[in-house]
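Asker: Chains as they are written, first to last, in numbering that gives the first Met the number 0: chain A, 0 to 353; chain B, 0 to 353; chain C, 0 to 353; chain D, 0 to 353.
Below is the structure I would like to discuss, written out as structure tokens.
Protein chains: 4
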Amino acid sequence: MKAAVFVEPGRIVLEEKPKPEVGAGDALIRITTTTICGTDVHILKGEYPVAKGLTVGHEPVGIIEKLGRNVQGYEEGQRVIAGAICPSGYSSACLEGLHSQDGQSAAHGLKPLGGWRFGNTIDGSQAEYLLVPDAMANLAPVPDALTDEQVLMCPDIMSTGFAGAESGNIKIGDAVVVFAQGPIGLCATAGARLRGATTIIAVETVPERIEMARRFGADLVIDFSKCDPVDEIMKVTNGRGVDVAIEALGLQSTFESCLRVLKPGGTLSSLGVYSEDLTIPLAAFHAGLGDNRIVTSLCPGGKERMRRLMNVIASERIDFGPLITHRFGLEQIEDAYELFANQRDGVLKIAITP
Amino acid sequence: MKAAVFVEPGRIVLEEKPKPEVGAGDALIRITTTTICGTDVHILKGEYPVAKGLTVGHEPVGIIEKLGRNVQGYEEGQRVIAGAICPSGYSSACLEGLHSQDGQSAAHGLKPLGGWRFGNTIDGSQAEYLLVPDAMANLAPVPDALTDEQVLMCPDIMSTGFAGAESGNIKIGDAVVVFAQGPIGLCATAGARLRGATTIIAVETVPERIEMARRFGADLVIDFSKCDPVDEIMKVTNGRGVDVAIEALGLQSTFESCLRVLKPGGTLSSLGVYSEDLTIPLAAFHAGLGDNRIVTSLCPGGKERMRRLMNVIASERIDFGPLITHRFGLEQIEDAYELFANQRDGVLKIAITP
Amino acid sequence: MKAAVFVEPGRIVLEEKPKPEVGAGDALIRITTTTICGTDVHILKGEYPVAKGLTVGHEPVGIIEKLGRNVQGYEEGQRVIAGAICPSGYSSACLEGLHSQDGQSAAHGLKPLGGWRFGNTIDGSQAEYLLVPDAMANLAPVPDALTDEQVLMCPDIMSTGFAGAESGNIKIGDAVVVFAQGPIGLCATAGARLRGATTIIAVETVPERIEMARRFGADLVIDFSKCDPVDEIMKVTNGRGVDVAIEALGLQSTFESCLRVLKPGGTLSSLGVYSEDLTIPLAAFHAGLGDNRIVTSLCPGGKERMRRLMNVIASERIDFGPLITHRFGLEQIEDAYELFANQRDGVLKIAITP
Amino acid sequence: MKAAVFVEPGRIVLEEKPKPEVGAGDALIRITTTTICGTDVHILKGEYPVAKGLTVGHEPVGIIEKLGRNVQGYEEGQRVIAGAICPSGYSSACLEGLHSQDGQSAAHGLKPLGGWRFGNTIDGSQAEYLLVPDAMANLAPVPDALTDEQVLMCPDIMSTGFAGAESGNIKIGDAVVVFAQGPIGLCATAGARLRGATTIIAVETVPERIEMARRFGADLVIDFSKCDPVDEIMKVTNGRGVDVAIEALGLQSTFESCLRVLKPGGTLSSLGVYSEDLTIPLAAFHAGLGDNRIVTSLCPGGKERMRRLMNVIASERIDFGPLITHRFGLEQIEDAYELFANQRDGVLKIAITP
């Protein structure tokens with residue numbers, strides 16, 4: 000089968016690989032649609048290390064080709080998705096609700112980021128076939144009424160963006176800011192709307208993303224190239240600050256701005272993948288006495304999460320279709336990476352079809 | 000192997016049965032210590048229906064005899080416990096944290112009480128051997144420093160009683176009442192203490208249980224045969240009522256008394272197994288406007304829960320040893336049932352050793 | 000001044016009363032718009048007892064006429080609302096977040112329903128003037144951009160209905176049913192939508208209310224005169240049941256139906272004012288072992304709650320304007336009661352203007 | 000009256016001041032016992048700026064001398080305490096539960112640290128008399144059975160230390176570390192015990208504090224002068240790390256160590272008052288993907304909090320008596336500061352009696 004493989008920093012190439020063997024608890028999925036994530040670009044650039052020869056990608060939509068002999072409750076031929084994060088279900092981490100930090104059979108059951116396996120510690124979804132471990136915890140049947148593209152954001156960015164809103168514990172009437180309106184930030188904006196925030200401020204400068212932010216629920220978009228976003232947010236909130244600030248970029252500057260606009264008692268909900276140590280400014284942190292919270296979230300996974308997210312789509316609460324700005328065949332995936340990594344042509348997400 | 004089997008209402012008898020076959024995800028445990036639960040008495044009396052021929056019991060301590068071929072992270076010969084409730088880990092119920100209502104491979108993944116399998120829907124622990132399904136989610140190694148008897152309460156009554164305190168969301172400084180000080184109620188008393196309640200009122204009339212209630216953390220025990228407990232509780236709390244009322248018996252009268260002593264905004268945390276419809280008195284419920292909560296809990300299970308409960312024992316926070324008032328060999332289990340069902344001889348819990 | 004006064008069961012009449020004296024912590028409000036609540040009808044009928052001579056009504060919009068000498072942070076002439084529930088702020092109940100159960104200066108600070116003062120224990124809002132106690136905790140300035148009618152639902156039904164969704168702890172992707180689509184039920188439907196429920200089922204039979212339920216966010220309306228709502232809900236949810244069932248009527252039948260459609264682990268969020276003891280059916284309660292919750296809520300009040308609810312209106316998330324089906328002057332309030340109590344002419348809410 | 004007044008950095012001196020005037024909502028308290036806090040030393044050194052001439056101190060025990068004319072529910076002559084943090088009750092901050100960040104009559108009602116008034120923005124408790132604003136929200140009667148010294152820790156360090164445990168959301172069976180065992184850290188240790196942590200690790204090096212840590216509930220004390228505490232904690236927890244790490248010192252090194260010993264999904268609960276920007280190490284923060292939380296807490300106040308803390312003392316759960324290592328008259332307070340600021344003679348807390 001064909002698979003997009005990490006060869007060395009700077010090179011992800013399409014290669015021929017053997018079709019995976021199906022273990023007792025696994026399912027083999029024939030991929031019908033997948034996509035590229037910002038994290039994949041970090042892998043491409045060598046900023047996030049993975050094993051050479053690994054198939055990348057963690058956002059699968061496909062058809063069950065073969066079920067392991069212990070897998071019950073599914074049928075071959077069913078259309079399914081699996082989350083970017085594949086919890087085992089049985090680890091201590093899972094049993095206490097930390098599905099993304101799943102240490103599987105490790106003695107204490109916890110491992111940082113351990114639930115993220117596809118395209119990280121095992122072969123991923125940018126291929127003709129994907130092997131899904133712990134299939135009974137992870138395969139989520141796609142309702143007939145929904146297309147592949149409609150559910151393509153569920154495995155990662157929708158789950159991640161919504162988690163930003165959920166971990167922030169947004170309440171009805173909250174003022175929320177979302178720093179950066181890339182795919183994750185846009186989903187966080189949509190998630191904030193879905194949880195009842197009523198003053199949603201998006202910070203962005205790319206015109207297409209500003210437009211998209213409004214479409215996904217921002218009441219106000221601040222173009223940080225035209226004004227100081229911290230000043231502007233404090234002005235808009237009459238000096239009160241926001242209840243929840245969502246960081247969706249992964250930089251010191253946005254992390255810090257989140258703290259500066261937070262009301263005492265407010266929550267910084269962080270989604271970004273950082274690449275260096277972070278600094279907490281003393282004043283913005285009220286010397287540690289502001290009753291503030293900083294929470295981080297890794298994309299929730301598992302079949303129940305996927306079911307719920309598909310329900311959001313099916314209920315027509317939000318249409319993430321417009322996020323898909325480009326479409327490529329799997330054989331053109333190297334071109335797709337080139338486009339996506341350089342953020343050319345207004346790209347948000349690319350549908351890849353084997 | 001020998002096993003205590005439900006034959007018909009009124010008869011649980013020791014029979015010879017074949018040793019179970021070990022499936023891929025199972026573990027076979029050689030039982031070293033087990034016990035009888037109040038629920039088993041309901042089964043004995045035919046009040047709670049189970050299949051004829053089923054081995055009863057759901058509180059296992061034992062040694063791993065054989066591991067299924069897919070089970071990793073354990074070794075044969077290890078001493079382990081498993082909870083009365085055996086979550087699969089992979090069901091939708093589990094993935095949203097409802098381990099006790101586990102529908103396993105059912106389409107929607109939920110089933111009332113579905114996590115309770117031992118001695119209910121599959122063979123139980125009152126036998127020489129026990130087959131534990133979904134072993135990787137359920138086997139919890141026992142620390143060497145702890146004896147079988149020390150951890151014997153973890154699988155059920157300790158987990159259940161503590162859940163009463165946890166679901167009640169007890170806060171530091173709370174006034175809590177626990178109605179009835181049988182094994183579950185005593186564990187709820189201990190759990191309330193462990194969560195920071197500072198006025199813990201136990202209601203009981205049996206002298207041994209009154210004594211035990213004090214030992215497990217009650218600040219005050221009200222003997223309901225000597226005064227009206229509702230009046231007394233209101234007096235003791237200066238008319239304020241309690242923050243949390245825990246029902247640990249399963250009767251209308253105690254359920255109702257819980258509501259009557261609850262402060263506005265308070266929580267009734269219910270542990271009892273009821274056998275008839277319940278009535279909520281209008282006045283005690285403030286016509287539905289008192290910001291009250293009624294929460295029910297089924298014994299939390301799974302290996303992480305067991306690990307934590309054994310940690311409580313190992314830390315010497317509480318010693319549940321005194322709950323074991325009697326000891327019988329498995330071959331005498333019919334006598335043990337006779338004693339326990341009739342609550343003779345001050346019995347609280349009986350250790351059964353095959 | 001003119002005021003609608005409870006004279007005896009069956010009679011609320013417009014009378015002349017002296018304008019209230021303004022105490023140090025009070026504010027006198029000149030009412031510009033108010034409305035009649037279902038609770039007022041209970042008072043009219045003598046089902047909920049209040050003192051003879053009391054001015055009824057608890058949903059005020061008005062202008063600050065005079066501030067008590069200790070009241071800071073406001074100006075005379077400001078347009079404000081106050082919640083139906085007027086917390087003192089200083090009671091023990093308030094300090095632990097139980098604003099609606101405010102015992103004010105009572106020794107232990109708690110009193111069932113004690114936060115509800117207007118038209119219950121002190122004179123209410125169906126009058127030319129209203130005295131607001133603990134003004135600094137209760138007066139919420141109305142943004143200029145919002146009309147009286149736009150904020151008229153904030154003091155009670157919007158706060159109550161939303162509380163049904165909030166107390167139910169609705170999560171993204173939840174299936175929620177709301178039994179009865181009167182004014183409170185419609186607001187609960189809107190609140191469920193605002194919290195991220197994606198399968199919202201309303202149960203109602205009056206055509207205008209069915210139509211309104213769809214407008215406020217129901218995905219599906221079940222006409223209980225045409226089918227059994229319990230069966231229908233179980234069918235629609237594929238046998239899973241709902242995550243949260245909201246009772247918005249106050250009857251045994253709807254309370255019971257809520258339990259019957261609840262998934263194991265689900266929450267019954269009760270808003271209705273009951274008039275007799277309630278029965279919990281054993282089977283629907285899973286004998287107390289279903290990990291279920293029953294929560295009740297009394298309308299949250301206080302200026303911060305009001306600010307947030309007005310924010311919901313200002314953000315155009317929901318337009319409660321269509322709920323106002325009729326308008327009367329204060330001098331015609333007896334006619335308004337006659338219409339409202341008999342639910343004639345498709346009435347939902349009536350704006351009353353002195 | 001005599002009062003300890005901040006004159007300039009390095010000088011707090013006892014001066015004669017007029018007895019305060021009592022406003023309508025105030026109460027005048029004749030101080031019978033008070034104490035010095037670490038924060039007072041920051042003030043003394045000029046590290047935390049207050050107005051010259053301000054009376055310092057925020058931990059009052061005393062007798063009601065005079066009540067403002069609007070204050071109900073109390074009597075002159077009653078013995079009371081008030082928290083270090085004095086919420087108004089009526090602010091938006093209070094109404095949403097953020098009592099410590101109380102902006103009082105400010106337009107938006109929020110102010111960082113705004114609830115801390117005594118010895119910060121208004122005259123404090125190291126004096127013969129103290130004026131308590133918003134008395135009805137703040138005066139908490141002391142039960143007759145408790146001495147002044149027994150309740151002396153309630154206003155600040157007990158409330159703060161417990162908040163560290165509470166905000167960390169400790170669960171039964173948690174492993175918790177508390178960095179530094181000064182008065183606040185010791186109370187955090189006690190609080191962790193009270194919430195059900197079963198592996199409580201204290202980090203300290205002063206022998207008296209090590210001894211005290213064991214007394215207040217630590218299962219294990221690590222002397223950081225003898226080993227690397229991070230390594231040791233990871234070893235003790237078998238590589239799992241702690242569920243909750245409490246920072247009780249206010250330094251980069253302890254803040255950072257907390258992150259390094261935290262399990263994925265764990266919480267850093269920060270109590271320290273920092274004096275410079277903080278750095279979050281990338282690896283310890285799992286690049287923002289570890290589902291971790293950092294929460295800060297300012298001492299909860301208000302009469303209900305005080306009632307609950309005194310209940311903890313009355314129930315004999317913990318005896319904070321041993322924390323009082325020294326006693327001085329008010330006239331010797333300058334000597335007391337000298338001793339306390341230099342941490343001489345094994346000092347923990349000093350009782351000051353006017």
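All C-beta atoms in this analysis are idealised placements derived from N, C-alpha and C, irrespective of residue type, glycine included.
As the structure is a prediction and not an experimental result, all values here were calculated from the model.
#1: Quick one: which chain B residues come within Cβ less than 8 Å of residue 306/A?
#2: Under 8 Å, with one C-beta from each stretch per pair, do the region 289-306 of chain D and the region 92-101 of chain C reach the 3-pair mark?
#3: Using a threshold of 8 Å, state whether the C-beta atoms of residue 32/C and residue 60/C are closer than that.
#4: May I ask you to report which of helix, strand or coil DSSP gives residue 47/B?
#5: Taking the continuous alpha helix (DSSP H) assigned at residue 209/B, which residues delimit it?
#6: Alpha carbon to alpha carbon, how far is residue 240/B from residue 72/C?
#7: Output the distance between the C-alpha atoms of residue 283/C and residue 291/C, rounded to the nearest integer angstrom.
#8: Can you pull the chain A residues whose beta carbon is under 7 Å from the beta carbon of residue 107/D, in chain order?
#9: Does DSSP put residue 335/A in a helix, in a strand, or in coil?
#10: From 168/C, 158/C, 177/C, 204/C, pick the residue whose C-alpha is nearest to that of residue 172/A; which is it?
#11: Using CA coordinates, which residue listed in 156/C, 98/C, 140/C is at the minimum distance from residue 247/C?
#12: If I follow the unbroken alpha helix (DSSP H) through residue 312/A, where does it start and stop?
#13: Using C-beta distances below 7 Å, list every residue in its chain close to residue 339/A, excluding the 5 sequence neighbours before and after it, in chain order.
#14: When you measure from the CB of residue 202/B to every non-hydrogen atom of the ligand ZN, does any distance come out below 7 Å?
#15: Alpha carbon to alpha carbon, how far is residue 12/C from residue 205/C? Give it in angstroms, no decimals.
#16: By DSSP, does residue 90/C sit in helix, in strand, or in coil?
#17: Candidates 45/D, 69/D, 197/D: which alpha carbon is nearest residue 24/D's?
#18: According to a CB-to-CB cut-off of less than 8 Å, which residues of the region 285-311 of chain D neighbour chain A?
#19: Below 9 Å on C-beta distance, what does residue 275/C contact in chain B?
#20: Is residue 175/D close to chain A, meaning its C-beta is less than 8 Å from at least one C-beta of that chain?
#21: Using only the alpha-carbon positions, how far apart do residue 281/D and residue 264/D sit?
#22: Leaving aside the five residues before and after residue 107/C along the sequence, list all residues of the same chain whose C-beta is less than 8 Å from its C-beta, in chain order.
#23: Run through the region 146-172 of chain A for me and flag every whole alpha helix (DSSP H) of 4 or more residues, listed as ranges in chain order.
#24: Indicate whether the contact test is met: 3 or more Cβ pairs, each with one atom in the region 72-81 of chain A and one in the region 46-60 of chain A, closer than 8 Å.
#25: Cα separation between residue 329/A and residue 65/A?
#26: Following the continuous beta strand (DSSP E) through residue 222/D, name the residue where it begins and the one where it ends.
#27: Once the 5 residues before and after residue 8/A are set aside, which same chain residues still bring their CB inside 7 Å of it?
#28: Consider the Cβ of residue 74/D: report whether some Cβ of chain B lies at a distance smaller than 8 Å.
#29: Mind pulling the chain B residues with CB within less than 9 Å of residue 266/D?
#30: Is it true that the CB of residue 188/D sits closer than 8 Å to the CB of residue 212/D?
#31: Could you check which residue in 255/D, 215/D, 152/D has the C-alpha nearest to that of residue 299/D?
#32: Between the Cα of residue 273/A and those of 257/A, 251/A, 261/A, spot the shortest distance and give me the residue it belongs to.
#33: Using a Cβ-Cβ cut-off of 8 Å, state whether residue 100/B counts as contacting chain C.
#34: Could you work out which residue in 289/B, 296/B, 337/B is closest to residue 259/B when comparing CA atoms only?
#35: Ignore the nearest five residues each way along the sequence and tell me which others in residue 99/C's own chain have a CB closer than 6 Å to its CB.
#36: Hey, would you say residue 169/D sits closer than 8 Å to residue 196/D, going by beta carbons?
Answerer: Considering the structure as presented:
#1: Walking along the first sequence from the start, residue 306/A turns up at place 307. Within chain B, the residues near residue 306/A are 91.
#2: yes
#3: What you label residue 32/C is simply residue 33 of the third sequence in a count that begins at 1. What you label residue 60/C is simply residue 61 of the third sequence in a count that begins at 1. Result yes, Cβ atoms of residue 32/C and residue 60/C sit closer than 8 Å.
#4: Numbered from its first residue, the second sequence carries residue 47/B at position 48. If DSSP states are grouped into helix, strand and coil, residue 47/B belongs with coil.
#5: As a first step, residue 209/B must be located in the second sequence, where it is residue number 210. Looking at the DSSP string, the run of the alpha helix (DSSP H) that includes residue 209/B is 206-214.
#6: Numbered from its first residue, the second sequence carries residue 240/B at position 241. Numbered from its first residue, the third sequence carries residue 72/C at position 73. For residue 240/B and residue 72/C, the distance between alpha carbons rounds to 37 Å.
#7: Along the third sequence, one-based indexing puts residue 283/C at 284. Along the third sequence, one-based indexing puts residue 291/C at 292. Rounded to whole angstroms, residue 283/C to residue 291/C spans 10 Å at the Cα level.
#8: The residue labelled residue 107/D in the question sits at position 108 within the fourth sequence. Going along chain A in sequence order, the residues near residue 107/D (Cβ under 7 Å) are 237, 238, 239.
#9: By 1-based counting over the first sequence, the position of residue 335/A is 336. Three-state DSSP puts residue 335/A in a helix.
#10: Here residue 172/A is taken as the residue at index 173 of the first sequence, counted from 1. Checked all of 168/C, 158/C, 177/C, 204/C; the closest Cα to residue 172/A is 158/C.
#11: The sequence position of residue 247/C within the third sequence is 248, counting from 1. The residue with the shortest Cα to Cα distance from residue 247/C is 156/C.
#12: Residue numbering aside, residue 312/A sits at position 313 when the first sequence is read from its first letter. Looking at the DSSP string, the run of the alpha helix (DSSP H) that includes residue 312/A is 302-313.
#13: The count along the first sequence starts at 1 and reaches residue 339/A at position 340. Answer for residue 339/A: 35, 40, 346, 349, listed in chain order.
#14: The ligand ZN is absent from the structure shown, which contains no ligand whatsoever.
#15: To locate residue 205/C, count along the third sequence from 1; it is residue 206. To locate residue 12/C, count along the third sequence from 1; it is residue 13. If you take the alpha carbons of residue 205/C and residue 12/C, they lie about 30 Å apart.
#16: Numbered from 1 along the third sequence, position 91 holds the residue referred to as residue 90/C. In this structure, residue 90/C counts as coil in the three-state DSSP scheme.
#17: Here residue 24/D refers to the residue found at position 25 of the fourth sequence. It is 69/D.
#18: 285, 286, 287, 288, 289, 290, 291, 292, 293, 294, 295, 296, 297
#19: Residue numbering aside, residue 275/C sits at position 276 when the third sequence is read from its first letter. Chain B residues near residue 275/C: 281.
#20: Taking the first residue of the fourth sequence as position 1, residue 175/D is located at position 176. It does not: the Cβ of residue 175/D has no partner Cβ on chain A nearer than 8 Å.
#21: As a working note, residue 281/D is residue 282 in the fourth sequence. As a working note, residue 264/D is residue 265 in the fourth sequence. Computed Cα separation, rounded: 16 Å.
#22: Here residue 107/C refers to the residue found at position 108 of the third sequence. These residues qualify, in order along the chain: 91.
#23: 147-150, 158-166
#24: yes
#25: Residue 329/A sits at position 330 when you count from the first residue of the first sequence. Residue 65/A sits at position 66 when you count from the first residue of the first sequence. Cα to Cα, the separation comes out at about 21 Å.
#26: Along the fourth sequence, read from residue 1 onward, the residue named residue 222/D stands at position 223. Where residue 222/D is concerned, the enclosing beta strand (DSSP E) stretches over 219-222.
#27: The count along the first sequence starts at 1 and reaches residue 8/A at position 9. Around residue 8/A: 44, 45.
#28: The residue labelled residue 74/D in the question sits at position 75 within the fourth sequence. For residue 74/D, the answer is no, since every Cβ of chain B falls outside 8 Å of its Cβ.
#29: Here residue 266/D refers to the residue found at position 267 of the fourth sequence. The contacting residues do not exist; residue 266/D stays about 16 Å from chain B at best.
#30: Mapped onto the fourth sequence, residue 212/D falls at position 213. Mapped onto the fourth sequence, residue 188/D falls at position 189. Yes. Within cutoff.
#31: Within the fourth sequence, residue 299/D is the residue found at index 300, counting from 1. Of the listed residues, the one whose Cα sits closest to residue 299/D is 152/D.
#32: Taking the first sequence and counting its residues from 1, the one referred to as residue 273/A is at position 274. Taking only the C-alpha atoms, the option nearest residue 273/A is 251/A.
#33: What you label residue 100/B is simply residue 101 of the second sequence in a count that begins at 1. It does; some Cβ of chain C falls within 8 Å.
#34: Mapped onto the second sequence, residue 259/B falls at position 260. Nearest option by C-alpha distance: 289/B.
#35: What you label residue 99/C is simply residue 100 of the third sequence in a count that begins at 1. 84, 114, 297.
#36: As a position in the fourth sequence, residue 169/D is number 170, starting the count at 1. As a position in the fourth sequence, residue 196/D is number 197, starting the count at 1. The answer is yes: Cβ separation under 8 Å.
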